[in-house]
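Residue numbers (my numbering): 140 to 556. All residues carry an ideal CB built from backbone N, CA and C; glycine is no exception. Before any comments, here is the structure.
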Ligand SMILES: Nc1nc2c(ncn2[C@@H]2O[C@H](COP(=O)(O)OP(=O)(O)OP(=O)(O)O)[C@@H](O)[C@H]2O)c(=O)[nH]1
Ligand SMILES: [Mg+2]
């Protein structure tokens, strides 16, 4: 099964908790703090793999969870780092945010990595909080929570050339003649249901990847036939082979119709060079060919006339393809990244009721989640944090008074000026 669109959930591991312990030695009544740090949680990455050509695995698996970091222990033992997860994806995969469909990133090259969710930091053990003024701190941090995200994965195949044209025009027949691929061919529209790639090898051993996609019909832009479903797979192509079937009504009208559909999908597609190819000339009479030639010539277009089935004109077509493609840079057009994976942190205060406020900020919520309020030293560390980061001032400026309750994440505290 060919899957080129799916939504998955990714979750990074929580950081391991730091430890709060003290050295125990014979004859030493109370040794120094020796609580080790927790390990960082595992992250989830997507990684490009040229051997894969569908998002089928993701379609079935749907949820990817990285491992939590191990907790720190006494004797300065640090916790183990949580294992990362790598999701193998085909080259050309685009990752989007489901809330607004904006592009977050993409993978073009084999082995290219994309960080999807980062593992939580390991909490620091109490050994790290020792200072000249604090010889025996009990304070430690819990691990930072992991993150969870829903993401859309969309495949836009990477091919050098795309064959476009009406359903039943002979696109698959052509691909089977010029490349190493043998797609299904039959005398009815929509024989090809998913994109097929073929490799055309030229004399200089340059390989050109050609994509055959399901055919279009008039009204594809309005969802007729298979609609636009597959046009994204030729978006990255450097050139189009526009195959016209002159036995399905007027050749020039057909040519115009397909271009109109392309334009309706994305105007940019019309900017790509096209080789116009008239197929099935074995079924045409000499004067019919002439007529078509003249009609296209009026618009300054010189089509290549072929019969894919009878192997006529294919060499000329390949020469033309080679000559055009060799001058177009191989660079694959990248998607425009519209949004960062890491959202900008916003500091916001929401009044919930009289004397109860909620402070919203991802960064502060994460920090607070790392605090253990059962630990007797935590409260004073927390107050220092509020002061040092001018959060106190922010709260005051926004109308919070002594004795009011401030909620942060799943914790709350009483504000004191
Ligand atoms: N006479 C003749 N028939 C051809 C030629 N090329 C293709 N055909 C026939 O046209 C029909 C459609 O061919 P396909 O290659 O399946 O066409 P397609 O454009 O891939 O069709 P869809 O995948 O359905 O869009 C088949 O019966 C082919 O044998 C040709 O040059 N001459
Ligand atoms: Mg086909």
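Inset, instruction - Would you mind giving the Cβ-Cβ distance between residue 416 and residue 397, rounded to the nearest angstrom? I have them listed as a contact below 8 Å. - result: For the purposes of this step, residue 416 is taken as the residue at position 277 of the chain shown. For the purposes of this step, residue 397 is taken as the residue at position 258 of the chain shown. Not a contact, Cβ separation roughly 12 Å.
Inset, instruction - Identify whether residue 558 lies in helix, strand or coil by the three-state DSSP scheme. - result: Absent from the model: residue 558. The displayed extent of the chain is 140 to 556, so no value can be given.
Inset, instruction - May I ask you to list the residues that DSSP assigns as paired with residue 212? - result: Residue numbering aside, residue 212 sits at position 73 when the chain shown is read from its first letter. In the DSSP output, where bridge partners are listed per residue, residue 212 has 216.
Legend entry - Per DSSP, the bridge partner or partners of residue 338: One-based indexing of the chain shown puts residue 338 at position 199. In the DSSP output, where bridge partners are listed per residue, residue 338 has 348.
Legend entry - Beta bridge counterpart(s) of residue 232 as assigned by DSSP: Residue mapping note: residue 232 aligns to position 93 of the chain shown, counting from 1. According to DSSP, which records beta bridges pairwise, residue 232 is partnered with 246 and 294.
Inset, instruction - Can you tell me which of 491, 171 and 242 puts its alpha carbon nearest to the alpha carbon of residue 273? - result: Counting from 1 along the chain shown, the entry for residue 273 is found at position 134. Residue 273 has its Cα closest to that of 171, out of 491, 171 and 242.
Inset, instruction - Tell me whether residue 523 sits in a helix, a strand or coil according to DSSP, three-state version. - result: Locating residue 523 in the chain shown gives position 384, where the first residue counts as 1. Correct three-state label for residue 523: helix.
Legend entry - Secondary structure of residue 410, DSSP reduced to three states: Position 271 of the chain shown holds residue 410. If DSSP states are grouped into helix, strand and coil, residue 410 belongs with the helices.
Inset, instruction - Taking only the alpha-carbon atoms, compute the straight-line gap between residue 268 and residue 552 and give it to the nearest angstrom. - result: If you number the chain shown from 1, residue 268 lands on position 129. If you number the chain shown from 1, residue 552 lands on position 413. Roughly 23 Å separates the two Cα atoms.
Legend entry - Exposure label - residue 489; buried when at least 16 CB within 10 Å: Position 350 of the chain shown holds residue 489. Under this definition residue 489 is an exposed residue.
Inset, instruction - Name the residue from 236, 173, 485 and 222 whose alpha carbon lies nearest to the alpha carbon of residue 145. - result: As a working note, residue 145 is residue 6 in the chain shown. Out of 236, 173, 485 and 222, 236 has the C-alpha closest to the C-alpha of residue 145.
Inset, instruction - Determine the DSSP secondary structure at residue 448, reduced to helix, strand or coil. - result: Indexing the chain shown from 1 puts residue 448 at position 309. Of the three classes helix, strand and coil, the one that applies to residue 448 here is coil, per DSSP.
Inset, instruction - Run the proximity test for residue 320: is its beta-carbon closer than 7 Å to any non-hydrogen atom belonging to ligand 2? - result: In the chain shown, residue 320 corresponds to position 181, counting from 1. No, ligand 2 has no heavy atom inside 7 Å of this Cβ.
Inset, instruction - For residue 386, verify whether its CB is less than 7 Å away from any heavy atom of ligand 2. - result: For this step, residue 386 is matched to residue 247 along the chain shown. No, Cβ of residue 386 sits at least 7 Å from all heavy atoms of ligand 2.
Inset, instruction - May I ask you to list the residues that DSSP assigns as paired with residue 380? - result: Here the question's residue 380 lines up with position 241 in the chain shown. DSSP lists 302 and 414 as partners of residue 380.
Inset, instruction - Using three-state DSSP, classify residue 487 as helix, strand or coil. - result: As a working note, residue 487 is residue 348 in the chain shown. Residue 487 falls in the strand class under three-state DSSP.
Inset, instruction - Identify whether residue 256 lies in helix, strand or coil by the three-state DSSP scheme. - result: Counted from its first residue, the chain shown places residue 256 at position 117. Residue 256: strand per DSSP, three-state reduction.
Inset, instruction - Could you check which residue in 419, 374 and 512 has the C-alpha nearest to that of residue 547? - result: On the chain shown, residue 547 is found 408 positions in, with the first residue counted as 1. Of 419, 374 and 512, the residue nearest in Cα terms is 512.
Legend entry - First and last residue of the uninterrupted beta strand (DSSP E) at residue 272: For the purposes of this step, residue 272 is taken as the residue at position 133 of the chain shown. Residue 272 -> no beta strand (DSSP E), and no H or E assigned at all.
Legend entry - the stretch 179-188 touching the stretch 202-212, judged by at least three CB pairs closer than 8 Å: yes
Legend entry - Presumed contact (8 Å Cβ cut-off) between residue 303 and residue 319, rounded CB distance: Here residue 303 refers to the residue found at position 164 of the chain shown. Here residue 319 refers to the residue found at position 180 of the chain shown. Rounded, the Cβ-Cβ distance is 21 Å, inconsistent with contact.
Inset, instruction - Just the C-alpha distance for residue 383 and residue 390, rounded to the nearest angstrom, thanks. - result: In the chain shown, the residue the question calls residue 383 occupies position 244. In the chain shown, the residue the question calls residue 390 occupies position 251. Residue 383 and residue 390: Cα-Cα distance of roughly 6 Å.
Inset, instruction - Please state if the CB of residue 443 and the CB of residue 467 are separated by a distance shorter than 8 Å. - result: Residue 467 sits at position 328 when you count from the first residue of the chain shown. Residue 443 sits at position 304 when you count from the first residue of the chain shown. For the pair residue 467 and residue 443, the CB atoms are not nearer than the 8 Å cut-off.
Legend entry - Residue of 379, 156 and 186 minimising C-alpha distance to residue 234: Counted from its first residue, the chain shown places residue 234 at position 95. Considering only alpha carbons, the answer is 186.
Inset, instruction - Determine contact between the stretch 374-388 and the stretch 303-312, defined as no fewer than three beta-carbon pairs at a distance below 8 Å. - result: yes
Inset, instruction - Can you grab the Cα-Cα spacing for the pair residue 298 / residue 386, in whole Å? - result: Position 159 of the chain shown holds residue 298. Position 247 of the chain shown holds residue 386. Roughly 28 Å separates the two Cα atoms.
Legend entry - Neighbourhood of residue 229 by C-beta distance below 6 Å, restricted to the same chain and skipping five residues each side: Position 90 of the chain shown, counted from the first residue, corresponds to residue 229. If we look at residue 229 and ignore the five residues flanking it on each side, its Cβ neighbours are 191, 192 and 294.
Legend entry - residue 421 beta carbon less than 8 Å from that of residue 449: Within the chain shown, residue 449 is the residue found at index 310, counting from 1. Within the chain shown, residue 421 is the residue found at index 282, counting from 1. Cβ distance < 8 Å, so residue 449 and residue 421 count as in contact.
Legend entry - Cut-off 7 Å between Cβ atoms - residues of its own chain near residue 276, not counting five sequence neighbours on either side: On the chain shown, residue 276 is found 137 positions in, with the first residue counted as 1. Excluding residues within five positions, the ones whose Cβ falls inside 7 Å are 172, 265, 268, 269 and 516.
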